[in-house]
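Colleague: Residue numbers (our numbering), protein chains in the order written: chain A, 1 to 467; chain B, 468 to 647.
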Amino acid sequence: MRIDTSYYNELIEKINEKYSNEIEKLREVRDTLRSEGKLEMWWIADHEVFEIEKFKLWPRTWVFLAHESEIPNPGDYVIRSIGPSDSVIVIRDEEYNIRVFLNLCTHRGLQLVKTDKGNLRFITCPYHGWTFRRNGKLVGVPLEEIGYGKLNKEEYNLIEIESKNYYGFIFATLASKESLEDYLGEIRWYFDILVRRNSNGYQFYPVERRLIKFNWKLGADSFVHDVYHFVITHRSATNLYSFEYVKNIISGYQIASKKGHNMRFLGKDGRGKDIPIDFYPILYPVWNMKVIEEAKNNLNKHQFELFSLAYHISGFIFPNLGFFNGYRKLPDINVEYPKSLGIPHISFRVIRPVSPDTTEYLNWFVVEKDAPEEFKELSHRTFMNGFGAGGVVETDDIEHWINITKGSQSVANYIFRIKFPYKLGEHLMSLKDFLGPHNEDLEIIPSGLTEKSARFMWLKVLDYLID
Amino acid sequence: MMNNPDISKILEFIQQKNKEQVDIETYIRISLRIFEESKLLEDREYDKWIELLDSSFEYIVLNRELKDKRENHSSIITTPIIYDGIETIKIKLTRLKMYEAWSDNPPSKVKYFITNILAYKFLSGILVRSSVQLIKYRTTDTNMITYDRVDILNNQLKLQKRVIIPDTSVFNIQDLTYIL
Chain A
1 MRIDTSYYNE LIEKINEKYS NEIEKLREVR DTLRSEGKLE MWWIADHEVF
51 EIEKFKLWPR TWVFLAHESE IPNPGDYVIR SIGPSDSVIV IRDEEYNIRV
101 FLNLCTHRGL QLVKTDKGNL RFITCPYHGW TFRRNGKLVG VPLEEIGYGK
151 LNKEEYNLIE IESKNYYGFI FATLASKESL EDYLGEIRWY FDILVRRNSN
201 GYQFYPVERR LIKFNWKLGA DSFVHDVYHF VITHRSATNL YSFEYVKNII
251 SGYQIASKKG HNMRFLGKDG RGKDIPIDFY PILYPVWNMK VIEEAKNNLN
301 KHQFELFSLA YHISGFIFPN LGFFNGYRKL PDINVEYPKS LGIPHISFRV
351 IRPVSPDTTE YLNWFVVEKD APEEFKELSH RTFMNGFGAG GVVETDDIEH
401 WINITKGSQS VANYIFRIKF PYKLGEHLMS LKDFLGPHNE DLEIIPSGLT
451 EKSARFMWLK VLDYLID
Chain B
468 MMNNPDISKI LEFIQQKNKE QVDIETYIRI SLRIFEESKL LEDREYDKWI
518 ELLDSSFEYI VLNRELKDKR ENHSSIITTP IIYDGIETIK IKLTRLKMYE
568 AWSDNPPSKV KYFITNILAY KFLSGILVRS SVQLIKYRTT DTNMITYDRV
618 DILNNQLKLQ KRVIIPDTSV FNIQDLTYIL
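(1) Output, in sequence order along the chain, the residues in the segment 504-537 of chain B whose CB is closer than 8 angstroms to any CB in chain A.
(2) How about S636 (chain B): is its C-beta nearer than 8 angstroms to some C-beta of chain A?
(3) What's the call for Q111 (chain A), buried or exposed, on a 16-neighbour Cβ count within 10 Å?
(4) Taking Cβ positions only, does I212 (chain A) come closer than 8 angstroms to chain B?
(5) Listed in chain order, which residues of the segment 318-341 of chain A have Cβ atoms closer than 8 angstroms to some Cβ of chain B?
(6) Under 8 angstroms Cβ-Cβ, which residues of chain B neighbour R209 (chain A)?
(7) Could you check the C-alpha separation between S475 (chain B) and L442 (chain A) for me, to the nearest Å?
(8) Rank A:G75, A:L174, A:L180 by C-alpha distance to the C-alpha of R134 (chain A) and give the top, closest one.
(9) Using a beta-carbon distance below 8 angstroms, is L240 (chain A) in contact with chain B?
(10) Applying the 10 Å Cβ sphere with the 16-neighbour rule, what's the burial state of R596 (chain B)?
(11) Would E162 (chain A) pass as a contact of T173 (chain A) if the rule is Cβ separation under 8 angstroms?
(12) Cβ of I474 (chain B) less than 8 angstroms from any chain A Cβ?
(13) In terms of residues, what are the limits of the beta strand (DSSP E) holding V577 (chain B)?
(14) Given that a residue counts as buried once 16 or more other Cβ atoms are within 10 Å of its Cβ, and exposed if not, what is F420 (chain A)?
(15) For E399 (chain A), which of helix, strand or coil comes out of DSSP?
(16) On the DSSP bridge list, what partners appear for A172 (chain A)?
(17) Taking only the alpha-carbon atoms, compute the straight-line gap between F383 (chain A) and I402 (chain A) and give it to the nearest angstrom.
(18) DSSP state of N119 (chain A), grouped into three classes?
(19) Contact check, I346 (chain A) vs V367 (chain A) under 8 angstroms by CB: the rounded distance?
(20) Kindly indicate which residue of A:H427, A:V392, A:I398 has the alpha-carbon position closest to the one of L560 (chain B).
(21) By alpha-carbon positions, which one of A:A45, A:P126, A:E394, A:E451 ends up nearest to V411 (chain A)?
(22) Would S236 (chain A) and R562 (chain B) be called neighbours here (beta carbons separated by less than 8 angstroms)?
(23) Taking C-beta pairs closer than 7 angstroms, name the residues in chain B that G118 (chain A) reaches, listed in chain order.
(24) At what residues does the beta strand (DSSP E) containing L321 (chain A) begin and finish?
(25) N363 (chain A): buried (16+ other C-beta within 10 angstroms of its C-beta) or exposed?
(26) For T32 (chain A), which residues of its own chain have a beta-carbon under 8 angstroms away from its beta-carbon, when the five flanking residues on both sides are left out?
(27) Please list the partners that H400 (chain A) has in chain B, where partner means a Cβ-to-Cβ separation under 9 angstroms.
(28) With 8 angstroms set as the bound, which would you pick, yes or no: does the beta-carbon of M289 (chain A) sit closer than that to a beta-carbon of chain B?
(29) When the cut-off is 8 angstroms and only beta carbons count, does L734 (chain B) lie next to chain A?
(30) Taking C-beta pairs closer than 7 angstroms, name the residues in chain B that R235 (chain A) reaches, listed in chain order.
(31) Please work out which residues of its chain come closer than 8 angstroms, Cβ to Cβ, to R210 (chain A), disregarding the five sequence neighbours upstream and downstream, and give them in chain order.
(32) Residues of chain A with CB closer than 8 angstroms to the CB of R562 (chain B), please, in chain order.
(33) Does E114 (chain A) come within less than 8 angstroms of chain B when only Cβ atoms are used?
(34) For the 8 angstroms Cβ check, are there 3 or more pairs between the segment 482-501 of chain B and the segment 579-599 of chain B?
(35) Quick check on K419 (chain A): does DSSP put it in helix, strand or coil?
Set out below in structure tokens:
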């Protein structure tokens, strides 16, 4: 659905004028990151920069909104947001297509749906009663003939935005000029190893949502690259039990995209110390052999080979989708070896800005739809125990994002121009020959320990704000 | 996995009209137990708190979503966002004592404000429903959430199950690592 964006383009010009000083300073930030590999702090949770992001970044990116399993039947919908300000209705129509509409009435601009989720036969505005079908068509206008004579209802259908169902994952954009495929670029080949490996698709459990006091980019920074933090940040979780493998952080590959995306496959050459190579990938051969069979059928030979090397897969799709496919032990599950090694689990996060220092954190547990019920329950428990709101792992990441946000707002940043290094792994050579594509926008780093993806991600943010 | 009674049975019971309340003496004992328990949690006396639990204890935090009134479904989602048995609860509480539990170092301070305590005879034990406001001071930040708490006690007042039903669909809090 291509729309006329000339007014939006004019708005961008006005934003460029209004914030010309900030944008000039951001240009310096970008130059410093490119030339010195150092990132200035001042702008991370800056109020003016947040405004520039609102107008220049969020509308022009593709954002993950929902998974098709959340809305299986016609009329099922969820309400989600693009960036800090744009609420959208993600709804399945009569033909089972998933559509994304702006969550506002075309009569008076009222936010149409105030709930989180549900099923609607019609969408009726509570102000004057204009009524829309699930496909967005305006079909009911109270007192239509008396009030309007002839009303061209076609003109007032709900405003649909461009969306794409990517193997069950619903992405949408307000004003990107690229297709989703071009936006993802070469990382698709690697992302597909997670999203396409199972022909029956995934089941997203109900989302857990929190409002937390950190700037969204710090969550993005962690999900896009950070393996280095595992040992120190998660020391309480590793010392208690069950998260030993994170100590083996060097062995693996980081797939760093200049478009701001990343995929990590940890565990090449069998150096994940805890589990024998026979139980790769990610203990699935131990728990659910069907995952392996499906992956063999749905992935090509090289994708399957890369999947098979991993005891941990994680990554990030720019600007705010993080994901994780690893394993952990649960201490109260009495199962025999090799199941006692741990339980695989998958989860996805959306890190959505609300204000410069507040972020909505959406967290989904995800499992193969056709997995045995017992496995689903154990995998869900494993996820909750580590990565849910009450878990022992991710809480310590979030604490650090909160404190960097606070640090970035100190006045000292403007006085001392404080910069931090993104130099980890700088000495490593990118691979020239690899299983998957890496021609234009990807670099393959043969280690978990690299910040290359983070540099690309920050540069991408800056590109959106400056250009 | 989850022991009986399951969540749906508990939620169903809560909706029933003719629930039989416990006698006043038991009610007072239960109320005192709840206040005593909160004090232990506030004072981080986790080992003593564990002693109040039955060995089959289950800790469950549910989720909620905003639903339209026309929909027949409850806005409570019965798929938990936290599920712990006694072993994992012990580990989580051990973590809270650790220096390296960065999200709780320096330790947060919490206060439980508990009201509307109602206690009913339920199966072979007691079901206690209360409303809780939890305020958590995390360094310089103040976090607050409110929720319904449903406790299943045996006749010795050992806690067999705690089910938390949050009031909101979005938690305005950094994490839920403290016992609710």
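Where a beta carbon is used, it is the ideal one built from N, C-alpha and C, also for glycine.
Modeller: According to the data block:
(1) Only V528, N530, E532, L533, K534, D535 from the segment 504-537 of chain B bring a Cβ to less than 8 angstroms from some Cβ of chain A.
(2) S636 (chain B) counts as touching chain A.
(3) Taking all protein chains shown into account, Q111 (chain A) has fewer than 16 neighbouring C-beta atoms within 10 Å of its C-beta and is therefore exposed.
(4) It does; some Cβ of chain B falls within 8 angstroms.
(5) Per Cβ criterion, the list reads L330, P331, D332.
(6) In chain order: S636, V637, F638.
(7) Here the alpha carbons of L442 (chain A) and S475 (chain B) stand approximately 49 angstroms from one another.
(8) Closest by C-alpha distance to R134 (chain A), out of A:G75, A:L174, A:L180, is A:G75.
(9) It does: the Cβ of L240 (chain A) has a partner Cβ on chain B nearer than 8 angstroms.
(10) Burial call: buried.
(11) Contact: yes.
(12) The beta carbon of I474 (chain B) does not come within 8 angstroms of any beta carbon belonging to chain A, so the residue lies off that interface.
(13) Element bounds for V577 (chain B): 576-589.
(14) By the Cβ neighbour-count rule, F420 (chain A) is exposed, with fewer than 16 other Cβ atoms within 10 Å of its own.
(15) In this structure, E399 (chain A) counts as helix in the three-state DSSP scheme.
(16) Within the DSSP secondary-structure output, A172 (chain A) pairs in a beta bridge with A:V63, A:S163.
(17) Note on geometry: alpha-carbon atoms of F383 (chain A) and I402 (chain A) lie some 22 angstroms from one another.
(18) Three-state result, N119 (chain A): strand.
(19) I346 (chain A) to V367 (chain A), Cβ: 6 angstroms. Contact.
(20) Considering only alpha carbons, the answer is A:V392.
(21) Considering only alpha carbons, the answer is A:A45.
(22) Yes, they are a contact pair.
(23) Within 7 angstroms Cβ-Cβ: K534, D535, E538.
(24) Segment 321-328, the beta strand (DSSP E) holding L321 (chain A).
(25) Buried, because 16 or more other Cβ atoms sit within 10 Å of the Cβ of N363 (chain A).
(26) Non-local beta-carbon contacts of T32 (chain A) in its own chain, meaning distances under 8 angstroms to residues more than five positions away in sequence, involve K38, L39, E40, K419 in chain order.
(27) From the beta-carbon of H400 (chain A), the residues of chain B found nearer than 9 angstroms are W569, S570.
(28) No, no contact with chain B.
(29) An answer regarding residue 734 (chain B) cannot be provided, because it is not within the stretch 468 to 647 covered by chain B.
(30) Going along chain B in sequence order, the residues near R235 (chain A) (Cβ under 7 angstroms) are E567.
(31) Same-chain partners within the cutoff: E360, Y361, N363, A389.
(32) Contact of R562 (chain B) with chain A by beta-carbon distance below 8 angstroms involves S236, A237, L240, V392.
(33) For the record, residue 114 (chain A) in the displayed sequence is Lys; it is not Glu. Chain B places a beta carbon closer than 8 angstroms to that of K114 (chain A), counting this residue as a contact.
(34) Contact holds: three or more Cβ-Cβ distances are below 8 angstroms.
(35) K419 (chain A) falls in the strand class under three-state DSSP.
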